[in-house]
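Here's the structure we're looking at; comments come further down.
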Amino acid sequence: MILGMNLLIGGLIVTVLAVGEPLFLPFLAQQPVDRAATVGFVLTFAGFFMLSAGFVLAIHYDRQRSWYVGETAKSTMYEKDTTAIRTVNETVRELIEEKKKKR
């Protein structure tokens, strides 16, 4: 996106300096096409293309990252019903009860 913005601004500046006004199609304004106007048009077109591609890729990679973060969060969540946490005192009491039952 940064490269596209630089090309877009550079193309518009070259077009303004060559033609005198910010035209997106300088070929319609002048019959003899100036090289500077052509370079300005090419830079402007490349800038629009790169800026658009940058926006599309930024949205794509943001969606990919949010999916990955969501899957990571799901895999690390603690499930309350699967494991019961027992204290040392509870474990000792259970062992004492088992021992009493065996006698």
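Be aware that the sequence shown starts at 1, since it is given in my numbering, and climbs by one per residue.
Virtual Cβ for every residue (Gly too), placed ideally from N, Cα, C.
Quick caveat: nothing in here was measured; it's all calculated off a predicted structure.
1. For G70, does the count of other Cβ atoms within 10 angstroms reach 16, so buried, or fall short, so exposed?
2. Please identify the residue among V16, A37, F49 whose C-alpha is closest to the C-alpha of M104.
3. For I85, which of helix, strand or coil comes out of DSSP?
4. What's the C-alpha gap between V14 and G40?
From the atom records:
1. The count along the sequence shown starts at 1 and reaches residue 70 at position 70. The residue is exposed, with fewer than 16 neighbouring Cβ atoms inside 10 Å.
2. Residue 104 lies beyond the residue range present for the chain, which begins at 1 and ends at 103; the question has no answer from this structure.
3. Position 85 of the sequence shown, counting from 1, holds the residue named residue 85. Of the three classes helix, strand and coil, the one that applies to I85 here is coil, per DSSP.
4. Taking the first residue of the sequence shown as position 1, residue 14 is located at position 14. Taking the first residue of the sequence shown as position 1, residue 40 is located at position 40. As the crow flies, the alpha-carbon of V14 is around 5 Å from that of G40.
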